[in-house]
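So for the sequence shown, the working numbering puts the first residue at 1; every next one is plus one.
Everything on this sheet refers to the single structure shown next.
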Amino acid sequence: MSGYKYRHLAERLRSEIELGIRAPGQQIPTEEELASRYSLGRNTVRQAVRLLVEQGYLVRIQGSGTYVADSIDASPHSSEPVGSRSIGVVLPRCSNYIYPEVLMGISECLFEHDYTMVYRITYNKIDKERQVLAELLSTNIAGLIIEPTRSGWPLVNADLYRRIEAKLPCVLTHATLSGFSFPTIGVSDYEGAAMLVDHLAANGHRRIAGFFKSDEQTGVRRFHGYAGGLSRNGIHLDETNLLWYFDEEFPTLFTEAGSQRVLRALEGCIAVVCYNDETASRLYPFLQARQIRVPEDISIVGYDDTHDLSGIKPFTTIDNPKAILGRAAVEALLRLIKNPNEDVSLQFPPTLIERDTVMNLAEVSV
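What follows is the structure, given as structure tokens:
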């Protein structure tokens, strides 16, 4: 497989550039450093760098070194022919929230197993998903890893998923598709959200709001976990304290345009379960601007344990193993390629991470 090594290295470096890990204008390590880091020959490294220069990802400056290009096409592509040791990866996002870590786990594991990655982004648009699935079906790939777009909605691109099911081994992440045989790698969202409610209830909270994303299965499952957690703690679910939103609404949800929706859902509540840490990180400054303190006035819990949230304090949350999940998706797909009848689905159990965004009301009342 040595003939593939330079393409593996090129794919790895290209992924780091597309994810923003290597920024425009940043100098990359020397050929000697790359050869040492990845245990490769200098000629292999030279071939990989030359390929990325030809594709416009890197630029060489005589006497200075090799740098990431200032302007790069946002749509990943490759001039190399796709082969049977290539895996298609389709995700809704690439550069924010959990996706950089998930993708790095996928990329590293594929590299270790001598596979290359053909990566496509849907930007959470159904028509874009249709385009990239049709494209990948026309190539010679060994399998697919997909997080379906708008997984909380009825499946619009069912015909393409049927073609994938008939033609290729495929593993889904963070979603299931009813009526299809695709295995899924994900997190136990229901139980994780229920654990968050348990934690709040154990700290004396009874009026608990819930903010959830309606167009993703993770949002719907986490809502059901929230509702189940309320029920098992003897807490009534008040629909007026629920806030549902979809992808296009999120950018304005915590601005003046969406403020009435947010405040109406929080009315009378002293705790809120957020769909994820990104939602919690937008809610936090929204509350600060209105002199509502966290956790003194209201407790906030999130989901996914994401740390890169513009300086916002980390929240009590449920862990999402992200890079480990990406690696698990690759391992599952490779097992499926060898044995199409093997059950490779995996749900990571939830782990509660406690931080100082929850007030213990029992202690306050003592």
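Ideal Cβ positions, reconstructed from N, Cα and C, are used throughout, including at glycine.
These numbers come from a predicted model, not from an experiment.
How is K213 classed by DSSP in three states: helix, strand or coil?
strand
If you measure between the beta carbons of D189 and N233, is that distance less than 9 Å?
no
Assuming Q369 is part of the alpha helix (DSSP H), what are its boundary residues?
The shown model of the chain, from 1 to 366, leaves out residue 369, and the question about it has no answer.
Check each candidate in I145, F180, R162, Y226 and name the one with the smallest Cα separation from V330.
I145
Own chain residues within Cβ distance below 7 Å of H224, not counting five before or after:
Y190
Could you give the distance in angstroms between the alpha-carbon of E256 and the alpha-carbon of C269?
20 Å
Would you mind working out which of P321, E54, K322, L283 sits nearest E315, comparing C-alpha positions?
Residue identity check: residue 315 is Phe in the sequence provided, not Glu. Here the closest residue by C-alpha is L283.
Exposure label - T240; buried when at least 16 CB within 10 Å
exposed
Return the bridge partner residues of C170 from the DSSP annotation.
L144
Based on DSSP bridge pairs, tell me the residues matched to M117.
I87
Looking only at DSSP bridge pairs, what is R60 linked to?
T66
Sequence-distant residues of its chain with Cβ nearer than 6 Å to G105 (five each side left out)
A323, G326, R327
Would you kindly work out how many angstroms separate the C-alpha atoms of H205 and T66, rounded to a whole number?
56 Å
On the criterion of 16 or more Cβ atoms from any shown chain inside 10 Å, does S181 qualify as buried, or is it exposed?
exposed
Within 10 angstroms of its Cβ, does I208 collect 16 or more other Cβ (buried), or is it exposed?
buried
Measuring CA to CA, which of V262, D215, R14 is closest to P100?
R14
Which of the three DSSP states, helix, strand or coil, is assigned to Q26?
coil
Buried or exposed (CB count within 10 angstroms, at least 16 for buried), E216:
buried
Grab the span of the alpha helix (DSSP H) containing G204 for me, first residue to last.
Premise fails: G204 is in no alpha helix (DSSP H) and is neither H nor E.
Would a C-beta distance cut-off of 9 Å place A280 and I298 closer than the cut-off?
no
Just verifying my parser: in three-state terms, what is the DSSP assignment at V132?
helix
Using only alpha-carbon positions, find the residue among E112, T116, A134 that is nearest to T122.
A134
For the putative contact between L51 and A69, defined by C-beta atoms under 8 Å, what is the C-beta separation to the nearest angstrom?
That pair is no contact at about 13 Å.
Please state whether the Cβ-Cβ distance between V156 and R130 is less than 9 Å.
yes
Start and end of the beta strand (DSSP E) containing A271?
271–274
Alpha carbon to alpha carbon, what distance is there between S151 and F250?
17 Å
Compute the distance between the beta-carbons of E11 and T116, then report whether it is under 9 Å.
yes
For I126, which residues does DSSP report across the bridge?
Note: I126 sits in no beta bridge, so no partner.
Which residue's Cα is closest to the Cα of E147: N124, L287, R163?
N124
Option nearest N276 by Cα separation, candidates V262, K213, I337:
K213
Alpha carbon to alpha carbon, how far is E33 from A289?
48 Å
Would you mind giving the Cβ-Cβ distance between E18 and C94, rounded to the nearest angstrom? I have them listed as a contact below 8 Å.
6 Å
Return the bridge partner residues of G20 from the DSSP annotation.
Per DSSP, none; premise fails for G20.
Give me, in chain order, the residues of the same chain whose beta-carbon lies closer than 6 Å to that of D356; leave out the 5 immediate sequence neighbours on both sides.
none
Select from P295, Y226, R60 the residue whose C-alpha is nearest the C-alpha of L361.
P295
Candidates L263, P24, G228, T252, of which the one nearest Q291 by Cα:
L263
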